[in-house]
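Remember, the numbering used here sits 4 above the position in the sequence shown when you count from 1. Built from N, CA and C at the ideal position, the CB exists for glycine as well. For reference, the structure discussed in these notes is given below.
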Amino acid sequence: MADDIEPKTETLAIRTGHHRTEEGEHSEPLFLTSSYVFDDAAQAAERFAGRAQGNIYSRTGNPTVRIFEERLAALEGAERGLATASGMAAILSVCMGLLKAGDHIVASQSLFGPTVALFQMLARFGVTTTFVALDDVGAFEHACTKSTRLLFLETPSNPLGVLGDLAALADVAHRHDAKLVVDNSFCTPILQQPLSLGADIVVHSATKYIDGQGRGLGGAILGRDSVVSGEIFPFVRTAGPVMSPFNAWVFLKGLETLSLRIKAHSQNALTVAGWLAEQTQVEAVYYPYLPTHPQYALARAQQSAGGGVVAFTVPGGSREAFAFVNACRLLSLTANLGDTKSTITHPATTTHGRLTPEARRAGGVLDGLIRLSIGLEDVGDIIADLQRGFAAVAALA
Ligand SMILES: Cc1ncc(COP(=O)(O)O)c(C=O)c1O
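Set out below in structure tokens:
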């Protein structure tokens, strides 16, 4: 490629980070090795002391994992990427790297359930969290104290598709000398780049759209080199919540098709959301790219499509939601999302089941809520399956 041509997103997703070895391989090499051999004792000593670059042990770095880190960093517009064993390991590592006892987090109350549970666990170590409404910039501002070090959010949130105004919240964070951390698992850098809007750190569950076919667990942390390498990497290399080289290789294959997939997921999801909105048996539909979404204008400004997750409520509660879920035969009843296969979940008793009823209500996770991750099957077939769900709910009456 000529040096003066800036590669576009799709090119970066396929080409970045692979420095071909002397074997001349075309596909990225998979280095399934836990340690590396040194030329001599002096070289080992230099590398261990940090005075020389080079491989030591796969807890501190692995060539296949590094390709993934470089590639995702290029897509997010980050100086540095750091891969982790899971999305939750990424969030934990950010907290362990950047926080100490006495520090405070202001977090969205619309978060993936285990993220809320993790922040609550941090209280045992002297780190407290205030949860506020994601769509209320003033509430974030109001909750900040002298001890606030992080603002944390997902946008759109899981499962309700609430948005946080990234530029405005980055301003709030920086006025309070805190960092804005954004979980970008739902949009991926193809639809939204939080760092370009002022966020300091992006985290991912690579398990979702980056893998895209439900095969492996992984996560990532992206941001400035001084923060990711300087403050978070020392925890990761010591404690070891690192990505396996095999999973990195799988995710590299996922990144190659991410742009095509997430756009197709978004198109199918918009069709399903529009269809659900027309059904008389639906109380509410939650999808950021529906014109009726209260933050539709922000969604259009901040992300280039709506993503693949749609949620809706059926009248009644768990009984009706269970009947709906049990009647579906194509959609898989499983907690993962971002897969080519469409999935269906009852958040109140699964992903958000460990939260207290009050915390669930505050986050809007009602008993009649159903979450769909719209896959890449024929959209007519997906809608036909949802019709089975509505028929089952009608049969209860
Ligand atoms: C938005 C979001 N963040 C983080 C996670 C956690 O990721 P992992 O399961 O890879 O630990 C999930 C999992 O569903 C998620 O949906």
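### Task
Kindly indicate the opening and closing residues of the beta strand (DSSP E) around residue 111.
As a working mapping, residue 111 is identified with position 107 in the sequence shown. Looking at the DSSP string, the run of the beta strand (DSSP E) that includes residue 111 is 108 to 112.
### Query
Can you give, in chain order, each stretch of the alpha helix (DSSP H) that sits fully within the segment 206 to 290 and has at least 4 residues?
237 to 243 and 249 to 281
### Query
So what's residue 56 in DSSP terms, helix, strand or just coil?
Walking along the sequence shown from the start, residue 56 turns up at place 52. Coil at residue 56, not helix or strand.
### Query
Skipping 5 residues on each side, what residues in its chain have a beta carbon closer than 6 Å to that of residue 147?
Here residue 147 is taken as the residue at index 143 of the sequence shown, counted from 1. Excluding sequence neighbours, residue 147 sits near 110, 134 and 136.
### Task
Alpha carbon to alpha carbon, how far is residue 382 from residue 300? Give it in angstroms, no decimals.
Your numbering for residue 300 matches position 296 in the sequence shown. Your numbering for residue 382 matches position 378 in the sequence shown. Using only the alpha carbons, I get a separation of about 26 Å.
### Message
Please classify residue 212 as buried or exposed, where buried requires at least 16 neighbouring CB atoms within 10 angstroms.
### Response
Within the sequence shown, the letter at position 208 stands for residue 212. It is buried - the Cβ of residue 212 has at least 16 other Cβ atoms within 10 Å.
### Message
Quick check: does the Cβ of residue 189 come within less than 7 Å of any heavy atom belonging to ligand 1?
### Response
In the sequence shown, counting from the first residue as 1, residue 189 sits at position 185. It does: the Cβ of residue 189 is within 7 Å (strictly closer) of some heavy atom of ligand 1.
### Task
Helix, strand or coil for residue 15, going by three-state DSSP, please let me know.
In the sequence shown, counting from the first residue as 1, residue 15 sits at position 11. Helix.
### Task
Return the residue from the list 25, 76 and 47 that minimises the CA-CA distance to residue 263.
Locating residue 263 in the sequence shown gives position 259, where the first residue counts as 1. That would be 76, whose Cα lies nearest to the Cα of residue 263.
### Rounded distance between the beta-carbons of residue 90 and residue 223, thought under 8 Å
Position 219 of the sequence shown, counted from the first residue, corresponds to residue 223. Position 86 of the sequence shown, counted from the first residue, corresponds to residue 90. Their Cβ separation, rounded to whole angstroms, is 5 Å, which keeps residue 223 and residue 90 in contact under 8 Å.
### Task
Between the Cα of residue 138 and those of 158, 278, 154 and 123, spot the shortest distance and give me the residue it belongs to.
Counting from 1 along the sequence shown, the entry for residue 138 is found at position 134. Considering only alpha carbons, the answer is 158.
#### Entry: Outcome for residue 375 when other beta-carbon atoms lying within 10 angstroms are tallied against a minimum of 16
Start at 1 with the first residue of the sequence shown, and residue 375 comes out as number 371. With 16 or more other Cβ atoms within 10 Å, it is buried.
### Message
When you compare the CB of residue 243 with every CB in chain D, is at least one pair closer than 8 Å?
### Response
Protein chains in the displayed structure number just one, and chain D is not present.
### Message
So for residue 393, helix, strand or coil by DSSP?
### Response
The sequence position of residue 393 within the sequence shown is 389, counting from 1. The answer is helix: DSSP assigns residue 393 an H, G or I state.
### Residue span of the alpha helix (DSSP H) that contains residue 41, given as start and end
Mapped onto the sequence shown, residue 41 falls at position 37. From DSSP, residue 41 is part of no alpha helix (DSSP H); its letter is neither H nor E.
### Cutoff 8 Å; reference residue 55; Cβ partners in own chain excluding five residues on either side
Residue 55 sits at position 51 when you count from the first residue of the sequence shown. Hits under 8 Å: none found.
### Query
Should residue 230 go down as buried or exposed, given a rule of 16 or more other Cβ atoms within 10 Å for buried?
In the sequence shown, residue 230 corresponds to position 226, counting from 1. Result: exposed.
### Query
Going by the beta-carbon positions, is the gap between residue 281 and residue 296 smaller than 8 Å?
What you label residue 281 is simply residue 277 of the sequence shown in a count that begins at 1. What you label residue 296 is simply residue 292 of the sequence shown in a count that begins at 1. Yes. Within cutoff.
### Query
Would you report the Cα separation of residue 172 and residue 194, rounded to the nearest angstrom?
As a position in the sequence shown, residue 172 is number 168, starting the count at 1. As a position in the sequence shown, residue 194 is number 190, starting the count at 1. Distance between the alpha carbons of residue 172 and residue 194 is about 21 Å.
### Message
Assuming residue 209 and residue 84 are in contact, meaning their beta carbons sit under 8 Å apart, how far apart are those beta carbons, in whole angstroms?
### Response
In the sequence shown, residue 209 corresponds to position 205, counting from 1. In the sequence shown, residue 84 corresponds to position 80, counting from 1. With 8 Å as the limit, residue 209 and residue 84 do not qualify as a contact, their Cβ atoms being about 19 Å apart.
### Query
Along the chain, which unbroken stretches of the alpha helix (DSSP H) at least 4 residues long are found entirely within the segment 87 to 150?
91 to 102, 117 to 126 and 141 to 147
### Query
Less than 8 Å separating the beta-carbons of residue 21 and residue 63?
Position 17 of the sequence shown, counted from the start, is the residue given in the question as residue 21. Position 59 of the sequence shown, counted from the start, is the residue given in the question as residue 63. No. Outside cutoff.
### Query
Any heavy atom of ligand 1 closer than 7 Å to the CB of residue 223?
The count along the sequence shown starts at 1 and reaches residue 223 at position 219. Yes.
### Query
How many whole angstroms separate the CB atoms of residue 348 and residue 337, which I take to be in contact at a CB cut-off of 8 Å?
Mapped onto the sequence shown, residue 348 falls at position 344. Mapped onto the sequence shown, residue 337 falls at position 333. Indeed, because the Cβ distance is near 6 Å, the residues count as touching under 8 Å.
### Cutoff 6 Å; reference residue 371; Cβ partners in own chain excluding five residues on either side
As a working mapping, residue 371 is identified with position 367 in the sequence shown. Cβ neighbours of residue 371 beyond the five flanking positions: 321, 322 and 352.
### Message
Using C-beta distances below 8 Å, list every residue in its chain close to residue 268, excluding the 5 sequence neighbours before and after it, in chain order.
### Response
As a first step, residue 268 must be located in the sequence shown, where it is residue number 264. Cβ neighbours of residue 268 beyond the five flanking positions: 380.
#### Entry: Best match in 115, 19, 145 and 160 for proximity to residue 179 [C-alpha to C-alpha]
If you number the sequence shown from 1, residue 179 lands on position 175. The residue with the shortest Cα to Cα distance from residue 179 is 145.
### Query
Along the chain, which unbroken stretches of the beta strand (DSSP E) at least 3 residues long are found entirely within the segment 287 to 331?
288 to 290 and 313 to 317
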